[in-house]
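Novice: Each residue of the sequence shown is one higher than the one before, starting from 5 at the first, in the working numbering.
Cβ atoms here follow ideal geometry from the backbone N, Cα and C, with glycine treated the same way.
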Amino acid sequence: NVGIAFAIPASTAENVIADLMDDGKVVRGWLGVEIQNIDRDIADGLQLADAKGSLVTQAQDGSPAQAAGLKSGDAILAVNGQPVDDPRALATKIASIAPDTTVTISVWRSGKAEDINVKLGTLPGDDQVASLEPGDGGAKASPLTDFGLVVGQGDEGVTIEDVDPNGQAAERGLQPGDVILSVGKAEVSNPADVEKLVKDAEKDGLKAVLLRVKSGDQTRFVALSFVRT
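1. Could you tell me whether the stretch 82-94 touches the stretch 58-68, where touching means 3 or more Cβ pairs closer than 8 Å?
2. Helix, strand or coil: how does DSSP classify GLY33 here?
3. Three-state secondary structure (DSSP) at THR105?
4. May I ask you to verify whether the stretch 193-204 touches the stretch 168-175, counting CB pairs closer than 8 Å and requiring at least 3?
5. Is the distance from the Cβ of LEU214 to the Cβ of VAL226 below 9 Å?
6. Enumerate, from N- to C-terminal direction, the unbroken alpha helix (DSSP H) stretches of 4 or more residues contained entirely within the stretch 153-194.
7. Specify the secondary structure class of LYS218 as computed by DSSP and reduced to three states.
8. Could you check how far apart the C-beta atoms of ASP166 and VAL154 are, in whole angstroms? I think they sit under 8 Å.
9. Measuring alpha carbon to alpha carbon, tell me which of GLY33, ALA79, THR163, LYS207 ends up nearest SER193.
10. How is the beta strand (DSSP E) around LEU59 delimited, first residue to last?
11. Could you tell me if ASP48 is buried or exposed, where buried requires 16 or more neighbouring beta carbons within 10 angstroms of its beta carbon?
12. Once DSSP output is grouped into helix, strand and coil, what is the label at ALA212?
Written out as structure tokens, the structure reads:
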């Protein structure tokens with residue numbers, strides 16, 4: 005995980021001082037999610053009106069988020085009714101709440117708003133509030149030419165085999181060797197799954213399709229926009 009380092013607001017600093025006086029240590033709430041920023045393309049892929057919030061790429065094992073049912077693809081929009089417009093706001097908000105407090109997390113999931121109650125844990129380490137993210141094919145490659153992308157069947161699943169350096173996929177940071185885990189909300193196991201789900205998304209009139217991609221040991225979402233004339 006990669007920790008997020010931000011300037012500490014005065015209110016948070018006061019809480020830190022109080023914690024040190026009471027317990028001799030800083031105690032902060034822990035949600036336990038890996039998140040990334042929501043840009044316009046990702047918002048379109050989620051059918052989300054505004055490019056705000058934090059997109060969950062993974063709920064950490066054994067975390068309060070996992071226990072409450074938060075999952076990859078959820079867009080966190082508010083905590084206790086207060087908007088958290090980006091990962092910075094979410095991290096600051098969660099860190100300001102005492103452990104063992106039950107909070108209401110407002111998420112956008114599968115095209116609709118939903119509230120999930122989460123009992124926060126105690127932050128085990130500074131790197132676990134949230135993390136920000138910023139092969140040889142065994143089957144015939146399937147080109148997704150509009151995106152400048154070629155995928156094939158690899159040992160880990162659907163593997164990106166080639167990327168057009170001038171294409172949209174390259175602009176989004178996709179590289180050969182990356183593994184596509186899901187398209188939209190559906191997991192994929194072979195290149196045919198990817199092609200079908202991308203085509204279905206375009207037929208449904210979506211502005212962009214959202215891919216969940218594994219790069220090394222990091223997982224993130226990438227939005228690829230449909231070009232319509």
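Specialist: Taking the geometry as given:
1. yes
2. In the sequence shown, the residue the question calls residue 33 occupies position 29. Three-state DSSP puts GLY33 in a strand.
3. Walking along the sequence shown from the start, residue 105 turns up at place 101. THR105 falls in the coil class under three-state DSSP.
4. no
5. To locate residue 214, count along the sequence shown from 1; it is residue 210. To locate residue 226, count along the sequence shown from 1; it is residue 222. It is a contact, given that the beta carbons lie within the stated cut-off.
6. 172-175
7. By one-based count along the sequence shown, residue 218 stands at place 214. The answer is strand: DSSP assigns LYS218 an E or B state.
8. Here residue 166 is taken as the residue at index 162 of the sequence shown, counted from 1. Here residue 154 is taken as the residue at index 150 of the sequence shown, counted from 1. About 4 Å separates the two Cβ atoms, so the contact holds.
9. Taking the first residue of the sequence shown as 1, we reach residue 193 at position 189. Ranking GLY33, ALA79, THR163, LYS207 by Cα distance to SER193 puts THR163 first.
10. By 1-based counting over the sequence shown, the position of residue 59 is 55. Counting along the chain, the beta strand (DSSP E) containing LEU59 begins and ends at 58-63.
11. Locating residue 48 in the sequence shown gives position 44, counting from the first residue. Buried: at least 16 other Cβ atoms inside 10 Å.
12. By 1-based counting over the sequence shown, the position of residue 212 is 208. The answer is strand: DSSP assigns ALA212 an E or B state.
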